[in-house]
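**Student:**
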Amino acid sequence: MHNFNSKFLASSHNRCYPFKLKPFIHCIHTSIAGSYDSTYHSNQLLNRLSKTGQIDDAQKVFDKMPQRDEYSWNTIISGYVSLGRLVEAKELFDGFSSRSSITWSSLISGYCRHGCESEAFRLFRLMRLEGHTPSQYTLGSILRMCSARGLIQNAELIHGYVVKNGFESNVYVVTGLVDTYAKCKHISEAEVLFKRLEYDKENHVLWTAMVTGYSQNGDGRKAIEFFRYMHAEGVESNQFTFPSILTACSSVSAHCFGEQVHGCIVRSGFGGNVYVQSALVDMYAKCGDFSGAKRVLETMEDDDVVSWNSMIVGCVRHNFEEEALLLFKKMHARNMKIDDYTFPSVLNSCIVGSTDAKSVHCLIIKTGFENYKLVSNALVDMYAKTGDLNCAYAVFQKMLEKDVISWTSLVTGYAQNSSHEDSVKIFCDMRIAGVRPDQVVFASILSACAELTLLEFGKQVHSDFIKSGLRSSLSVENSLVAMYAKCGCLDDADSIFVSMHVRDVITWTSLIVGYAQNGKGKESLRFYDAMVSSGTKPDFITFIGLLFACSHAGLVDDGRVYFQQMSKVYGIEPGAEHYACMIDLFGRSGKLDEAKELLNQMNVKPDATVWKALLAACRVHGNLELGERAATNLFVLEPMNAMPYVMLSNIYSAVGKWDGAAKIRKLMKSKGITKEPGCSWIEINSRVHTFISEDRGHPRAADIYSKIDEIIIRIKESGYVPDMNFSLHDMDREGKEVGLAYHSEKLAVAFGLLASPQSAPIRIFKNLRVCGDCHSAMKYISAAFNRRIILRDSNCFHHFKEGECSCGDYW
DNA sequence: ATAGGGTTAG
1 MHNFNSKFLA
11 SSHNRCYPFK
21 LKPFIHCIHT
31 SIAGSYDSTY
41 HSNQLLNRLS
51 KTGQIDDAQK
61 VFDKMPQRDE
71 YSWNTIISGY
81 VSLGRLVEAK
91 ELFDGFSSRS
101 SITWSSLISG
111 YCRHGCESEA
121 FRLFRLMRLE
131 GHTPSQYTLG
141 SILRMCSARG
151 LIQNAELIHG
161 YVVKNGFESN
171 VYVVTGLVDT
181 YAKCKHISEA
191 EVLFKRLEYD
201 KENHVLWTAM
211 VTGYSQNGDG
221 RKAIEFFRYM
231 HAEGVESNQF
241 TFPSILTACS
251 SVSAHCFGEQ
261 VHGCIVRSGF
271 GGNVYVQSAL
281 VDMYAKCGDF
291 SGAKRVLETM
301 EDDDVVSWNS
311 MIVGCVRHNF
321 EEEALLLFKK
331 MHARNMKIDD
341 YTFPSVLNSC
351 IVGSTDAKSV
361 HCLIIKTGFE
371 NYKLVSNALV
381 DMYAKTGDLN
391 CAYAVFQKML
401 EKDVISWTSL
411 VTGYAQNSSH
421 EDSVKIFCDM
431 RIAGVRPDQV
441 VFASILSACA
451 ELTLLEFGKQ
461 VHSDFIKSGL
471 RSSLSVENSL
481 VAMYAKCGCL
491 DDADSIFVSM
501 HVRDVITWTS
511 LIVGYAQNGK
521 GKESLRFYDA
531 MVSSGTKPDF
541 ITFIGLLFAC
551 SHAGLVDDGR
561 VYFQQMSKVY
571 GIEPGAEHYA
581 CMIDLFGRSG
591 KLDEAKELLN
601 QMNVKPDATV
611 WKALLAACRV
621 HGNLELGERA
631 ATNLFVLEPM
641 NAMPYVMLSN
651 IYSAVGKWDG
661 AAKIRKLMKS
671 KGITKEPGCS
681 WIEINSRVHT
691 FISEDRGHPR
701 AADIYSKIDE
711 IIIRIKESGY
721 VPDMNFSLHD
731 MDREGKEVGL
741 AYHSEKLAVA
751 FGLLASPQSA
761 PIRIFKNLRV
771 CGDCHSAMKY
781 ISAAFNRRII
791 LRDSNCFHHF
801 KEGECSCGDY
811 W
């Protein structure tokens, strides 16, 4: 028993070495009385070697032992487990015939720690089959894994086991449950268990789990509230509690409270803990207090990568991209470790453009970080946000393991680059791939639905969101308000708005724009007043919505006031968008001179929308000179757009210059520009039905055409007169009337009347502006058939009801 | 001999 090798002797501490101190007589006694004593000593040695990670030496001791008891086996097995050498642990486990609950727990804890879910649960079942009762250790291990991997369903099963087997007041087990529920976003369940457990100030783990739960649930306020309560109760915080509460402070930018926590840390003596320090740096940096962050950094003994990462994130968030890059370069210069959190932060500074994205990407490849999920997610996001969707997709496709964040980056990227259809497609692919959406991707896809006015799909996403059980967020609610408003469902937008506890400038602006688009400009202005009284400051986009509202409601004086207000009161310089609204406003109300004056005053370059507004005004008021100027500019800005040609030609016709009109049409033809055909569509039972003028391609064309005949007869009875000005064809009166009757929007409404229930509103979409005759017909139809018709054309919404339209015939 | 809580990324 003394022939250990020299390596072992050298590595052991002699004063703990039991054998040398044992009197000789003991050895003799041992050899006579059997191996009890020798086993005891060997076990002690085994334990020490296992615990210090010298597992190979422990194995040698174990091999040489003449007699091994349960303790020996369990010790060596747990030694392998703690080093993560599960294969060896399992081999020993299989070779040990009198396994106990401890043996099982040891091995299970190993699989749990290394995230081998299925193996852990398999052993958990087998253990019970072999007649061993899981202990608080077994349950604790399993719950820790559930918590780390978000296995809420498994945790609920374990919860059932806990109740049935009398572990309900076991501190370790219940703390594990609280932690799991809190981390898996079931915070109310965690609260119930927390309250039910015996009040114990010393159970720091439990209290900390609650703080972390609130913080990680995205509820920094509640975390701070709980921490206050905890403090008031005299429960002490430790090196685990402080980082958690500081994260909560960062998330809600609670700088002042963060400083108070810093005070507690200094008094507590945990100020030297690197987790606490890095959390402090993070809190200060995220709150924009860089001198505070630097003060903490300077007290730290070593360069800490986490703290530096936090500094970079802080710089990027406060728009100091140059400094972020400088910090990154310093990390290099100091030869610091760089980890998979460093690159995502640096890549964020590429989005604003101060850093060359390609060179960072190269560095990522060179340093071998491209296979890290965080890094490749950030690459996808960066390329998507900078508009390089091909690169974004290429990185995405190369990823071995895509998570909800990878998908979200792509969905958001396509949406932000106006590829809303692709964004919807990718969202569907994500669902097919079985990835569960989170709040961020829900907000993103709902915005895409708003832009596409995809009401039915948007409603499905909304109910999906409710069913997901995810907590609502400001951005989800904002997207819902925008989606319903943009889809013409003002009541739904309203009820979301009313239910919101927190609103920001985006919420109000969505509503202002939504009401304006739906022909309710006056309500838009009311919302603006309410917004200002609530203390929310309007921004650049709010004023676009506001001026848009004025122009669509013909509120010239209000428009003038707001236009002045935006620069004088709020210091927002008008952009081309604002000028376009103002010119539109003046143009529609016949104030062409003022429109022209404003155009000449512009201190930004007029864009296409400005010229379009002006051209439309010239068309209405027959101003050829200004119209020519507007059209000529549009020919350059949008060379393939037929609209300016058609408009200009119409202006020529209106002032009797027929050859001028013919010349423009010829020019248009010679350039190969064709007018976009009018197209209307309607969604019935999740299917989109599309119609173009005089279209007979629909399977129910015969029904639709006889329905139109019925419609025309009925509305003529109540006073409808076809307006031939909107007829395209050179035909006799009767031929023109027939052509008018089969415009795409009339085909769509006829189909809507046939295929939807009496009480349902009919929602029609049109790619161009609604024609004047169809607009008039829709009013009569809404009265004669007692139906609400909502028509979204390329410009705005028309809500037809009882013979009236929301636009007041002004559009 | 077996168990529980913490920082940085969208």
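The first sequence maps to residues 1 to 811 in full-length UniProt numbering. Backbone N, C-alpha and C define an ideal beta-carbon position, used for all residues, glycine too. Predicted, not measured: the structure shown is a model, and the values here were computed from it.
(1) By DSSP, does glutamate 804 sit in helix, in strand, or in coil?
(2) Would you mind working out which of Pro66, Ala576, Ser147, Gln260 sits nearest glutamine 216, comparing C-alpha positions?
(3) For methionine 483 and histidine 552, what's the separation of their Cα atoms in angstroms?
(4) Based on Cα-Cα distance, which residue from Lys195, Lys183, Gly234, His204 lies nearest to threonine 212?
(5) In three-state DSSP terms, what is glutamate 233?
(6) Return the bridge partner residues of histidine 799 from the DSSP annotation.
(7) How should glutamine 460 be labelled, buried or exposed, when 16 other C-beta atoms within 10 angstroms of its C-beta is the threshold for buried?
(8) If you compare alpha carbons, which of Pro437, Ser447, Gly434, Ile405 is closest to asparagine 417?
(9) Below 8 Å on the Cβ atoms is my contact criterion, and I expect serine 718 with tyrosine 780 to pass it. Report the Cβ-Cβ distance as a whole number of Å.
(10) Please work out which residues of its chain come closer than 6 Å, Cβ to Cβ, to alanine 427, disregarding the five sequence neighbours upstream and downstream, and give them in chain order.
(11) As an exercise, report each continuous beta strand (DSSP E) stretch of at least 3 residues that is fully enclosed by the segment 441-473, in chain order.
(12) CB-CB under 8 Å to threonine 200, same chain, minus the five flanking residues each way: which ones, in chain order?
(13) Does the segment 158-175 touch the segment 129-142, meaning 3 or more C-beta pairs lie closer than 8 Å?
(14) Could you tell me the distance, in whole angstroms, from the CA atom of isoleucine 32 to the CA atom of isoleucine 108?
(15) Quick one: what does DSSP say cysteine 256 is sitting in, helix, strand or coil?
(16) Residues bridged to phenylalanine 765 by DSSP?
(17) Tell me whether the segment 565-582 and the segment 529-548 touch, counting them as touching only if at least three CB pairs, one residue from each stretch, are closer than 8 Å.
(18) Buried or exposed: where does threonine 180 fall if 16 or more other Cβ atoms within 10 Å of its Cβ makes it buried?
(19) Just list the alpha helix (DSSP H) runs in the segment 144-230, keeping only unbroken ones of 4 residues or longer that don't cross its boundaries, in chain order.
(20) What's the C-alpha gap between isoleucine 224 and isoleucine 245?
(21) Taking the C-alpha atoms as reference points, what is the distance between isoleucine 692 and proline 677?
(22) Assuming threonine 453 and cysteine 487 form a contact by the criterion Cβ under 8 Å, report the distance between their Cβ atoms to the nearest whole angstrom.
(23) Please go through the same chain and pick out, in chain order, the residues whose beta-carbon is closer than 6 Å to the beta-carbon of lysine 222, but skip the five residues on each side of it.
(24) So what does DSSP say about phenylalanine 691, is it helix, strand or coil?
(25) Helix, strand or coil for isoleucine 572 per DSSP?
(26) Is DSSP giving methionine 331 helix, strand or coil here?
(27) Let me know if leucine 326 comes out buried or exposed under the rule of 16 or more other beta-carbons within 10 Å of its beta-carbon.
(28) Which residues in the same chain as serine 510 place their Cβ atom closer than 7 Å to its Cβ, once the five residues preceding and following it in sequence are excluded?
(29) For asparagine 335, count the other beta carbons within 10 Å of its own beta carbon; 16 or more makes it buried, fewer makes it exposed. Which is it?
(30) Is arginine 48 helix, strand or coil by DSSP?
(31) Using a threshold of 8 Å, state whether the C-beta atoms of valine 313 and alanine 285 are closer than that.
(32) Could you check whether serine 406 and asparagine 377 sit closer than 8 Å to each other, using their CB atoms as the reference points?
(33) First and last residue of the alpha helix (DSSP H) that includes cysteine 315?
(34) Could you check which residue in Leu83, Ala701, His775 has the C-alpha nearest to that of tyrosine 720?
(35) Would you give the residue range spanned by the alpha helix (DSSP H) that asparagine 371 belongs to?
(36) Relative to the alpha-carbon of serine 141, which residue among Pro761, Arg113, His159 has its alpha-carbon at the smallest distance?
**Tutor:** This is what the structure gives:
(1) Here residue 804 refers to the residue found at position 804 when the first sequence is read from its first residue. Strand at glutamate 804.
(2) Taking the first sequence and counting its residues from 1, one reaches residue 216 at position 216. Among Pro66, Ala576, Ser147, Gln260, the Cα nearest to that of glutamine 216 belongs to Ser147.
(3) On the first sequence, residue 483 is found 483 positions in, with the first residue counted as 1. On the first sequence, residue 552 is found 552 positions in, with the first residue counted as 1. About 20 Å.
(4) Stepping through the first sequence from its first residue, residue 212 is reached at position 212. Checking every option, the nearest Cα to that of threonine 212 belongs to Lys183.
(5) Here residue 233 refers to the residue found at position 233 of the first sequence. Note: glutamate 233 maps to coil in three-state DSSP.
(6) Here residue 799 refers to the residue found at position 799 of the first sequence. In DSSP, histidine 799 forms a bridge with Ile790.
(7) Here residue 460 refers to the residue found at position 460 of the first sequence. So glutamine 460 ends up on the exposed side.
(8) Numbered from 1 along the first sequence, position 417 holds the residue referred to as residue 417. The residue with the shortest Cα to Cα distance from asparagine 417 is Ser447.
(9) Taking the first sequence and counting its residues from 1, one reaches residue 718 at position 718. Taking the first sequence and counting its residues from 1, one reaches residue 780 at position 780. At roughly 6 Å, the Cβ-Cβ gap stays under 8 Å, so serine 718 and tyrosine 780 are in contact.
(10) Along the first sequence, one-based indexing puts residue 427 at 427. Note that residue 427 corresponds to phenylalanine in the displayed sequence, not to alanine. So the qualifying residues of the chain are Val411, Ile445.
(11) none
(12) The residue given as residue 200 occupies position 200 in the first sequence. For clarity, residue 200 is aspartate in the given sequence; the question names threonine instead. Closer than 8 Å at Cβ, skipping near neighbours: Val171, Leu206.
(13) Taking 8 Å as the limit for Cβ pairs, the verdict is that the segment 158-175 does touch the segment 129-142.
(14) Position 32 of the first sequence, counted from the start, is the residue given in the question as residue 32. Position 108 of the first sequence, counted from the start, is the residue given in the question as residue 108. Confidence at isoleucine 32 is low in this model, with a pLDDT of 39, below 50, so its placement is unreliable and no value can be given for it.
(15) Counting from 1 along the first sequence, the entry for residue 256 is found at position 256. In the structure shown, cysteine 256 adopts helical secondary structure according to DSSP, grouped into three states.
(16) Taking the first residue of the first sequence as position 1, residue 765 is located at position 765. Looking at the DSSP assignment, phenylalanine 765 forms a beta bridge with Trp681, Arg792.
(17) Result yes; three or more Cβ-Cβ pairs closer than 8 Å.
(18) In the first sequence, the residue the question calls residue 180 occupies position 180. Its Cβ being crowded by 16 or more others within 10 Å, threonine 180 is buried.
(19) 152-164, 171-183, 187-196, 204-216
(20) For this step, residue 224 is matched to residue 224 along the first sequence. For this step, residue 245 is matched to residue 245 along the first sequence. Going by the C-alpha atoms only, they are around 7 Å apart.
(21) The residue you call residue 692 lines up with position 692 of the first sequence. The residue you call residue 677 lines up with position 677 of the first sequence. One C-alpha to the other measures close to 7 Å.
(22) Along the first sequence, one-based indexing puts residue 453 at 453. Along the first sequence, one-based indexing puts residue 487 at 487. Rounded, the Cβ-Cβ distance is 5 Å, consistent with contact.
(23) One-based indexing of the first sequence puts residue 222 at position 222. The beta carbon of lysine 222 sits closer than 6 Å to those of Tyr214, all from its chain and outside the five residues before and after it, given in chain order.
(24) What you label residue 691 is simply residue 691 of the first sequence in a count that begins at 1. In the structure shown, phenylalanine 691 sits in a strand (DSSP, three-state: E or B).
(25) The sequence position of residue 572 within the first sequence is 572, counting from 1. Residue state, collapsed to three classes: coil.
(26) What you label residue 331 is simply residue 331 of the first sequence in a count that begins at 1. It is helical.
(27) Here residue 326 corresponds to residue number 326 of the first sequence, with the count starting at 1. Under this definition leucine 326 is an exposed residue.
(28) In the first sequence, residue 510 corresponds to position 510, counting from 1. Answer for serine 510: Asn478, Val481, Ala482, Ala485, listed in chain order.
(29) Here residue 335 refers to the residue found at position 335 of the first sequence. The residue is exposed, with fewer than 16 neighbouring Cβ atoms inside 10 Å.
(30) On the first sequence, residue 48 is found 48 positions in, with the first residue counted as 1. Residue state, collapsed to three classes: helix.
(31) On the first sequence, position 313 is the one that residue 313 refers to. On the first sequence, position 285 is the one that residue 285 refers to. Their beta carbons are under 8 Å apart, which means valine 313 touches alanine 285 by this criterion.
(32) Taking the first sequence and counting its residues from 1, one reaches residue 377 at position 377. Taking the first sequence and counting its residues from 1, one reaches residue 406 at position 406. For asparagine 377 and serine 406, yes; Cβs fall inside 8 Å.
(33) Along the first sequence, one-based indexing puts residue 315 at 315. First-last of the alpha helix (DSSP H) with cysteine 315: 305-317.
(34) The count along the first sequence starts at 1 and reaches residue 720 at position 720. It is His775.
(35) Taking the first residue of the first sequence as position 1, residue 371 is located at position 371. Taken as a continuous stretch (DSSP letters only), asparagine 371 belongs to no alpha helix (DSSP H), as it is neither H nor E.
(36) In the first sequence, counting from the first residue as 1, residue 141 sits at position 141. Closest option to serine 141, Cα to Cα, is Arg113.
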